[in-house]
Amino acid sequence: MEEYAIKIQGVKKRYKLGQIGGGTLTADLQSWWARVRGKEDPNTKIGSDQRSNGETFMALNGIDLKVKKGEALGIIGGNGAGKSTLLKLLSRVTAPTEGTIDIYGRITSMLEVGTGFHGEMTGRENIYLNGAILGMTKAEVDEKMEDIIEFSEVREFIDTPVKRYSSGMYVKLAFSVAAHLDSEIMIMDEVLAVGDMAFQKKCLDKMRDAAKLEGRTVLYVSHNMNTIRQLCDRCIVLEKGKIMFDGDVEEAIGIYLKKNTTRKQHNDFHIREYDPFITANVKILSIDIFNKDNLVQFGSKISFKAQYTCNTDLNNLYFRLIVCLSDRTAVATANSDKIFCRNGETYTKNFELDTSQLAPGDYLVQIVAFEPNELGAQIRHDYLSIAFTFTVYTNNQLHNFEWNHNAWGHSSLPQLTEF
46 MEEYAIKIQG VKKRYKLGQI GGGTLTADLQ SWWARVRGKE DPNTKIGSDQ RSNGETFMAL
106 NGIDLKVKKG EALGIIGGNG AGKSTLLKLL SRVTAPTEGT IDIYGRITSM LEVGTGFHGE
166 MTGRENIYLN GAILGMTKAE VDEKMEDIIE FSEVREFIDT PVKRYSSGMY VKLAFSVAAH
226 LDSEIMIMDE VLAVGDMAFQ KKCLDKMRDA AKLEGRTVLY VSHNMNTIRQ LCDRCIVLEK
286 GKIMFDGDVE EAIGIYLKKN TTRKQHNDFH IREYDPFITA NVKILSIDIF NKDNLVQFGS
346 KISFKAQYTC NTDLNNLYFR LIVCLSDRTA VATANSDKIF CRNGETYTKN FELDTSQLAP
406 GDYLVQIVAF EPNELGAQIR HDYLSIAFTF TVYTNNQLHN FEWNHNAWGH SSLPQLTEF
């Protein structure tokens, strides 16, 4: 008989938009009593069994899921699909509006930078605090302490209050705590994006060992399809608060990429999920592509218009465009000139991206709005994981076939010449 670590049945999570409660105590009691009896809310408008309806928003709308012990489950989906809400329910940060969640084992989770840490306490004290939350004794935490410090790479600052840590140091210590303390279930949102590449690889190896060798259950949310491939042996795709696919990892990735790489000429980003890794001092509002159907002839440029707004004065702002394959493998990068913007102003700028070195194929573009500081580090003010997509095509008979990116690379150099 199969053992399960998590069982979810009929889970819904409803949020009220722009208000607390239903306006009156009577309405709130009516709504609560209807939920208890499993009846329709009498204060909800007719036809409101939708994700968003005026005053309410269904972040999750009927989730059924079972996760086996020792399984590494990937969770993917577009912005606003319900990924973070699901992890918060499992971590007991919030409660479901409807449905049941049964968890068999202790949980450690990383939902955002600094989750479970107290800023005034040192790194060492926060390790003890997290152990106590899991029900571990001081002696049990002491046994793990050296391994946690060694893995975290922050030994020099372990007795410093964590409020002085950079976001990267936070992530390193938080992941090390989650990975080494005694828990049967690890829940990881895409917090590893902050860490350096070497540490990301170390974390993925640790999560893989936790699932395969230690029999721990791992739930992992990521926009990076390669890390999903490396870690997970099963994957679900969320869309509009529902599970639209549950099964093979490659099949799930294929469905997700197909859903999220449509060639839209207008891309609106006014509403987005909270991102703990950006300052939000800049917000990219929309991207409009001038090339018809987002098609770019081989050797030419793609033109687009970006609209953005600033919440502070910035004199040293740049945009970075990262051109990726559909699975998020980065293949090229382009940076803008220095941009000035003023608090409260909205700007519209036209840009051209030279694609002359890109081989024929489908691409997506990520955009980072950043500012270099005096130490050479980059402050990220905004980030779009999929700003727009485009396709490079050619009528040249030498290239008039599907380009094999894995075998031939991602650039098409000029034709060989004799001399």
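Positions 46 to 464 (the working numbering) are the ones given, in order, by the sequence shown.
Note that CB positions come from ideal geometry on N, CA and C, so glycine has one too.
No experiment lies behind these values; they were computed from the predicted model shown.
Terminal residues of the beta strand (DSSP E) in which residue i lies
{"i": "N361", "result": "359 to 369"}
{"i": "V138", "result": "Where V138 is concerned, there is no enclosing beta strand (DSSP E), given that its DSSP letter is neither H nor E."}
{"i": "M252", "result": "Per DSSP, M252 belongs to no beta strand (DSSP E); it is in the alpha helix (DSSP H), 242 to 257."}
{"i": "A117", "result": "117 to 122"}
{"i": "A325", "result": "Note, A325: premise wrong, no beta strand (DSSP E); not H, not E."}
{"i": "D109", "result": "101 to 113"}
{"i": "K346", "result": "346 to 355"}
Own chain partners of residue i with C-beta closer than 7 Å, once the 5 adjacent residues on each side are dropped
{"i": "R169", "result": "I203, D204"}
{"i": "Q54", "result": "D109, G144, T145"}
{"i": "F314", "result": "I329, L330, S331, L429"}
{"i": "D94", "result": "The predicted model places D94 with a pLDDT of 44, which falls under 50 and marks its position as unreliable; any figure quoted below should be read in that light. Cβ neighbours of D94 beyond the five flanking positions: none."}
Chain B contact for residue i (CB, 9 Å cutoff)
{"i": "N380", "result": "Absent from the structure is chain B; it holds one protein chain and no more."}
Chain-order list of residues whose beta-carbon lies under 6 Å from that of residue i (same chain, five-residue window excluded)
{"i": "D278", "result": "A117"}
{"i": "L302", "result": "S371"}
{"i": "H311", "result": "D333"}
{"i": "Y408", "result": "V368, F435"}
{"i": "T101", "result": "R59, K61"}
{"i": "R387", "result": "D358"}
{"i": "M233", "result": "M155, Y265"}
{"i": "G176", "result": "V186, L226"}
{"i": "V341", "result": "I347, T400, F435, V437"}
{"i": "F335", "result": "S348"}
For residue i, three-class secondary structure by DSSP
{"i": "C277", "result": "coil"}
{"i": "Q95", "result": "Note that Q95 scores a pLDDT of 46, beneath 50, so its modelled location is shaky and nothing firm can be said."}
{"i": "A379", "result": "strand"}
{"i": "L264", "result": "strand"}
{"i": "Q438", "result": "Correcting the residue type first, residue 438 is Tyr in the shown sequence and not Gln. If DSSP states are grouped into helix, strand and coil, Y438 belongs with the strands."}
{"i": "T130", "result": "helix"}
{"i": "R200", "result": "helix"}
{"i": "K90", "result": "No answer about K90 holds up, because its pLDDT of 47 lies below 50 and its placement is not dependable."}
{"i": "E318", "result": "coil"}
{"i": "E284", "result": "strand"}
{"i": "Y301", "result": "helix"}
{"i": "D291", "result": "strand"}
{"i": "Q54", "result": "strand"}
{"i": "D338", "result": "helix"}
{"i": "S154", "result": "strand"}
{"i": "A79", "result": "helix"}
{"i": "L461", "result": "coil"}
{"i": "T71", "result": "helix"}
{"i": "T272", "result": "helix"}
{"i": "E229", "result": "coil"}
Status (buried if at least 16 other CB within 10 Å, exposed otherwise) for residue i
{"i": "I290", "result": "The residue asked about is misnamed: residue 290 is Phe in this sequence, not Ile. With 16 or more Cβ atoms within 10 Å of its Cβ, F290 is classed as buried."}
{"i": "D147", "result": "exposed"}
{"i": "K90", "result": "Low local confidence applies: a pLDDT of 47 at K90 is under 50, so the model's placement there is unreliable, and no value is given."}
{"i": "K128", "result": "buried"}
{"i": "F196", "result": "buried"}
{"i": "N339", "result": "buried"}
{"i": "Q411", "result": "buried"}
{"i": "F469", "result": "As displayed, the chain neither begins before 46 nor continues past 464, which places residue 469 out of reach and without an answer."}
{"i": "E318", "result": "exposed"}
{"i": "N326", "result": "buried"}
{"i": "K247", "result": "buried"}
{"i": "T391", "result": "exposed"}
{"i": "I281", "result": "buried"}
{"i": "E191", "result": "exposed"}
{"i": "I316", "result": "exposed"}
{"i": "R425", "result": "buried"}
{"i": "E235", "result": "buried"}
{"i": "T153", "result": "buried"}
{"i": "A432", "result": "buried"}
{"i": "R137", "result": "exposed"}
{"i": "R200", "result": "exposed"}
{"i": "R261", "result": "buried"}
{"i": "G119", "result": "buried"}
{"i": "S267", "result": "buried"}
Residue span of the alpha helix (DSSP H) that contains residue i, given as start and end
{"i": "H311", "result": "Run containing H311: none in the alpha helix (DSSP H); it sits in the beta strand (DSSP E), 311 to 313."}
{"i": "I194", "result": "183 to 197"}
{"i": "R169", "result": "168 to 178"}
{"i": "Y215", "result": "212 to 225"}
{"i": "A452", "result": "450 to 453"}
Neighbourhood of residue i by C-beta, 8 Å cutoff - its chain only, sequence neighbours within 5 removed
{"i": "N171", "result": "G161, F162, H163, V207, L218, V222"}
{"i": "Y173", "result": "K183, V186"}
{"i": "R151", "result": "L179, G180, D227, S228, E229, I230"}
{"i": "E416", "result": "L359, N361, L362, Y363, Q423, I424, H426"}
{"i": "L458", "result": "Q402"}
Any non-hydrogen atom of the ligand MN closer than 8 Å to residue i Cβ
{"i": "V216", "result": "Among the components modelled here there is no ligand, and therefore nothing to report on the ligand MN."}
- Query: Can you give, in chain order, each stretch of the beta strand (DSSP E) that sits fully within the stretch 378 to 414 and has at least 3 residues?
  - Reply: Unbroken beta strand (DSSP E) runs of no fewer than 3 residues, entirely contained in the stretch 378 to 414, are found at 384 to 386, 391 to 399, following chain order.
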